[in-house]
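Same order as they appear, the protein sequences are chains A and B. Residue numbering for the first sequence follows numbering that gives the first Met the number 0, beginning at 0 and increasing consecutively. Residue numbering for the second sequence follows numbering that gives the first Met the number 0, beginning at 0 and increasing consecutively.
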Amino acid sequence: MEGFLDTVDVYRTAIWQTLFMALVSLVASGLLGLALGIALYATRPGNLLSNRLVFGVLGVLVNIVRPIPFVIFLAAIGPLQVAAIGTTIGTNAVTFAISLAAAFAVSRIVEQSLVNVDPGVVEAARAAGASRLRILFGVVLPEGLGPLVLGYTFIFVGIVDMTAQAGLVGGGGLGQYAITYGSQRYDWGVVYVSVATIIVIVQVGQFVGNRIARGVLRR
Amino acid sequence: MAEPIVRLTGVSKRYERKGGTAVTAVDDVSLDVHEGEVLAVIGYSGAGKSTVVRLMNALEAPTSGTVTVAGQDLTRLPEKDLRRARQKIGMIFQQFNLFRSRTVAGNVAYPLKVAGVPRAQRDARVAELLDFVGLLERAHAHPEQLSGGQKQRVGIARALATNPPLLLADEATSALDPETTTEVLSLLRRVNRELGVTIVVITHEMDAVRQIADRVAVMENGRVVEVGDVYDVFSAPRTAPARRFVRSVLHDRPEPDVLERLRHRHPGRLLTVLITDEPDLQKRVDEAFVGAGVRTELVHGGVSELRERRLGSLTYEATGPRGAVDAALAALRAAGVAVEEEV
């Protein structure tokens, strides 16, 4: 445990870096993915803003980006990172990459949650004379909120997973800490402290998500 | 006669399916709904009933023909005006389709919000409606806390929020048990009588027709095959599809398995007499049988009320000397009694 005690400051910074990357990415990818997911739902043939072309293009885009392993994605969006935040290394650059990668995953989760909304309530809203956008934001989204929150919770775990790869480009975080100060020095204490910390973060995230979902679903 | 509140003229609805085949859900239907009436659209499932009501509030656009509601040709209206027109047409559903993310009051308030009614007026109207359907004390409950009957009452309150002169009910009681069905039907009847709302109900249930309908339209294979006063259609259906449907919901003739048992127990010929509210009907039946020297035994059937008029059927076992039963049959028909032999 000496290794750990010597590196407590690094550990503390790593926790903050991981939390920063995870939470900022969750919010950013959450919003971006929400927009994309709503577009996918709404333009689906037969739905409120049915548009075969937009639906097709978005679907292909999501299907292309989503299966790319994050490490490769991180390398591939270098030019975009430079254009957006001026650098390809560091915590901010990684956060940007995670936000983008996770947005595509979020979009599918949003789409699924919304597709599962009972078409009957959409019909009831149409029968009441509501406009398409009003139905989308006033009925479909609130009706799909429970599954949506659970979906975001699920994504949070994936995002924490991505943050562990930040060390590759000097992003810091618990992943980098575990490798640099742990496994590369054969200091298993450091590795297991990192593992335990990640588990705690994920558990807290899951707990909060479940709580919110239960509140929304009233169960 | 006043202008009908809904007029369908030569309306067809075809759906293109993958592979180029088309399904005709509604086939050249012309139908009037008169102001203040309760019209029941009846028929087996798949007959096109649901599509017909969805044409009435333009949830579906017809492939051809015109749909006029309150003097407005819906088929010519742009989307924006169509939405305004829908605000004046209430609709309730088999599965209630309540918003689970909103309270009972929130559900009822929704159409008012859509119509842009200010908050204070909205709250007053919601309270008034919930009082009308008897759910004022459940205003803050969520739909999943309600029973099926209560949910449909919320559905009715929501549908009536904007004071529409027309209410469309799509199998509104089909998901309810018999007791709750009666409760919801009597509420719909109050909506019709007390508020003067014209109602179009789609149903395959005799109870719904019996309890609230003034007129019926019988549908089969996308066509309206018969329209008329409920009593007339049920006591004397003119078309084969209407006869088939009436028979299946009235159970006025012995079913095949019943018939077989009757045959086994009663060796005589089995004659079913239609009982309408014509005066002296029983007397004429008795005279025909007695006159021909036929003995009868009542083996099946029943008589009840439809639209406060007598309606039913009775199956007799008729026995007598050679030729006597045929003579009785002829005498019954001569006396204007509708009779059929079970074969």
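All C-beta atoms, glycine included, are put in the ideal place defined by N, C-alpha and C.
| message | Counting only beta-carbon separations shorter than 7 Å, does A:A41 have a partner in chain B? | response | Looking up residue 41 of chain A in the first sequence gives position 42. No, because no Cβ of chain B sits closer than 7 Å to the Cβ of A:A41.
| task | Quick one: using the 10 Å Cβ neighbour count with 16 as the cut-off for buried, is B:I211 buried or exposed? | result | Taking the second sequence and counting its residues from 1, the one referred to as residue 211 of chain B is at position 212. Buried.
| query | Among the residues of its own chain, which have a CB less than 6 Å from the CB of B:V5, if the five just before and after it don't count? | reply | Locating residue 5 of chain B in the second sequence gives position 6, where the first residue counts as 1. Result list for B:V5: V32, M55 and V68, in chain order.
| Cut-off 6 Å between Cβ atoms - residues of its own chain near A:G204, not counting five sequence neighbours on either side | Indexing the first sequence from 1 puts residue 204 of chain A at position 205. Excluding sequence positions up to five before and after A:G204, its CB lies within less than 6 Å of the CB of F155, all in the same chain and listed in chain order.
| query | In chain order, what residues of the stretch 78-107 of chain A put their CB closer than 9 Å to some CB of chain B? | reply | Here the close residues number zero.
| From A:A13 to A:S98, what distance separates their C-alpha atoms? | If you number the first sequence from 1, residue 13 of chain A lands on position 14. If you number the first sequence from 1, residue 98 of chain A lands on position 99. The C-alpha of A:A13 lies about 19 Å from the C-alpha of A:S98.
| said: Considering only the alpha carbon of each residue, which of B:E316, B:G322, B:L331 and B:A323 lies closest to B:V342? | reply: The residue you call residue 342 of chain B lines up with position 343 of the second sequence. Answer by Cα proximity: B:E316.
| Beta carbon of A:I298, beta carbon of A:A123: below 7 Å? | As displayed, chain A neither begins before 0 nor continues past 218, which places residue 298 of chain A out of reach and without an answer.
| Every unbroken alpha helix (DSSP H) inside the stretch 195-227 of chain B [4 residues or more] | Within the stretch 195-227 of chain B, the complete alpha helix (DSSP H) segments at least 4 residues long are 205-211, listed from N- to C-terminus.
| task | Please name the residue or residues paired with B:D31 in a DSSP beta bridge. | result | Indexing the second sequence from 1 puts residue 31 of chain B at position 32. Partner(s): B:R6.
| message | Alpha carbons only, please: which of B:K112, B:L331 and B:V224 is nearest the one belonging to B:A241? | response | Position 242 of the second sequence, counted from the start, is the residue given in the question as residue 241 of chain B. Out of B:K112, B:L331 and B:V224, the CA that lies nearest to the CA of B:A241 is found in B:V224.
| request: Would you mind reading off the limits of the alpha helix (DSSP H) that contains A:G29? | output: Within the first sequence, the letter at position 30 stands for residue 29 of chain A. Note, A:G29: alpha helix (DSSP H), V7 to T42.
| query | If we count Cβ pairs, one from each stretch, closer than 8 Å, do we get three or more for the stretch 133-143 of chain B versus the stretch 111-118 of chain B? | reply | Here the stretch 133-143 of chain B makes no contact with the stretch 111-118 of chain B; the two share fewer than three CB pairs at distances below 8 Å.
| query | By a C-beta neighbour count over all protein chains shown, 10 Å radius and 16 as the cutoff for buried, is B:A330 buried or exposed? | reply | The count along the second sequence starts at 1 and reaches residue 330 of chain B at position 331. The residue in question, B:A330, is buried, as its Cβ has 16 or more Cβ neighbours within 10 Å.
| request: Following the continuous alpha helix (DSSP H) through A:Y185, name the residue where it begins and the one where it ends. | output: Position 186 of the first sequence, counting from 1, holds the residue named residue 185 of chain A. Note, A:Y185: premise wrong, no alpha helix (DSSP H); not H, not E.
| said: Rounded to the nearest angstrom, what separates A:L113 and A:G150 at their Cα positions? | reply: For the purposes of this step, residue 113 of chain A is taken as residue 114 along the first sequence, with counting starting at 1. For the purposes of this step, residue 150 of chain A is taken as residue 151 along the first sequence, with counting starting at 1. Distance between the alpha carbons of A:L113 and A:G150: 11 Å.
| said: Just verifying my parser: in three-state terms, what is the DSSP assignment at A:V116? | reply: Against the first sequence, residue 116 of chain A aligns to sequence position 117. In the displayed model, A:V116 falls within coil according to three-state DSSP, outside both helix and strand.
| query | How do the stretch 159-173 of chain B and the stretch 6-18 of chain B stand: do at least 3 beta-carbon pairs fall below 8 Å, yes or no? | reply | Between the stretch 159-173 of chain B and the stretch 6-18 of chain B there are fewer than three C-beta pairs closer than 8 Å, too few to call the two in contact.
| message | I need the boundaries of the alpha helix (DSSP H) containing B:Y109, first residue and last residue. | response | Against the second sequence, residue 109 of chain B aligns to sequence position 110. Its alpha helix (DSSP H) spans residues V103 to V113.
| message | Our contact map puts B:A239 next to B:V226 with C-beta atoms below 8 Å; I'd like the distance itself, whole angstroms only. | response | Taking the first residue of the second sequence as position 1, residue 239 of chain B is located at position 240. Taking the first residue of the second sequence as position 1, residue 226 of chain B is located at position 227. Between B:V226 and B:A239 the Cβ distance is about 16 Å, and since that is not below 8 Å, they are no contact.
| query | Using a beta-carbon distance below 7 Å, is A:G36 in contact with chain B? | reply | Within the first sequence, numbered from 1, the residue matching residue 36 of chain A stands at position 37. Not an interface residue.
| So, B:A323 versus B:A287, is the Cβ gap smaller than 7 Å? | Taking the second sequence and counting its residues from 1, the one referred to as residue 323 of chain B is at position 324. Taking the second sequence and counting its residues from 1, the one referred to as residue 287 of chain B is at position 288. Not a contact, by the Cβ cut-off of 7 Å.
| Own chain residues within Cβ distance below 7 Å of B:L305, not counting five before or after | Residue mapping note: residue 305 of chain B aligns to position 306 of the second sequence, counting from 1. So the qualifying residues of the chain are R209, V229, Y230 and F233.
| field | C-alpha distance - A:A129 paired with B:P110, whole-angstrom precision | value | Position 130 of the first sequence, counted from the first residue, corresponds to residue 129 of chain A. Position 111 of the second sequence, counted from the first residue, corresponds to residue 110 of chain B. Taking the straight line joining both Cα atoms gives about 8 Å.
| Selection of the stretch 104-128 of chain A by Cβ proximity to chain B, strictly under 8 Å | For the stretch 104-128 of chain A, which is checked against every Cβ of chain B, the residues closer than 8 Å are D117, G119, V120, E122, A123, A124, R125, A126, A127 and G128.
| Do the stretch 72-87 of chain A and the stretch 172-192 of chain A make contact, defined as three or more Cβ pairs closer than 8 Å? | The stretch 72-87 of chain A vs the stretch 172-192 of chain A: no contact.
| message | In whole angstroms, give me the CA-to-CA distance for B:G301 and B:N191. | response | Here residue 301 of chain B corresponds to residue number 302 of the second sequence, with the count starting at 1. Here residue 191 of chain B corresponds to residue number 192 of the second sequence, with the count starting at 1. Distance from the CA of B:G301 to the CA of B:N191, rounded to the nearest whole angstrom, comes to 30 Å.
| said: Quick check on B:R252 - is its C-beta less than 7 Å from some C-beta in chain E? | reply: The question asks about chain E, but that chain is absent: this structure's protein chains are A and B.
| Proximal residues of chain A, C-beta to C-beta of B:H141 below 9 Å | Sequence index remark: in the second sequence, residue 141 of chain B carries index 142 (1-based). Per Cβ cutoff of 9 Å: R217.
| field | Proximal chain A residues relative to B:Y14, where beta-carbon distance stays under 8 Å | value | As a working note, residue 14 of chain B is residue 15 in the second sequence. For B:Y14, none of the residues of chain A pass the 8 Å Cβ criterion, the least Cβ distance being about 11 Å.
| request: Compare the C-beta of B:S44 against all C-beta atoms of chain A and say whether one is closer than 7 Å. | output: Counting from one through the second sequence, the residue named residue 44 of chain B turns up at place 45. Taking 7 Å as the CB threshold, B:S44 stays off the interface with chain A.
| request: Can you give me the start and stop residues for the beta strand (DSSP E) that B:L58 sits inside? | output: Position 59 of the second sequence, counted from the first residue, corresponds to residue 58 of chain B. Looking at the DSSP string, B:L58 is not in any beta strand (DSSP E), and its letter there is neither H nor E.
| said: In the DSSP output, what is B:D72 paired with across the bridge? | reply: Position 73 of the second sequence holds residue 72 of chain B. Beta-bridge pairing links B:D72 to B:T67.
| request: Tell me, please, whether the CB atom of A:P141 is closer than 7 Å to any CB atom in chain B? | output: Translated into the one-based positions of the first sequence, residue 141 of chain A becomes position 142. So, interface residue.
| query | Near B:P253, which residues of its chain fall below 7 Å by C-beta distance, leaving aside the five closest residues on each side in sequence? | reply | Taking the second sequence and counting its residues from 1, the one referred to as residue 253 of chain B is at position 254. Here B:P253 has L261, H299, T314 and E341 as same chain residues with Cβ atoms under 7 Å from its own Cβ, once five neighbours each way along the sequence are excluded.
| request: Assign B:E296 to buried or exposed, taking buried as 16 or more other Cβ atoms, counted over all protein chains shown, within 10 Å of its Cβ. | output: As a first step, residue 296 of chain B must be located in the second sequence, where it is residue number 297. Classification for B:E296: exposed.
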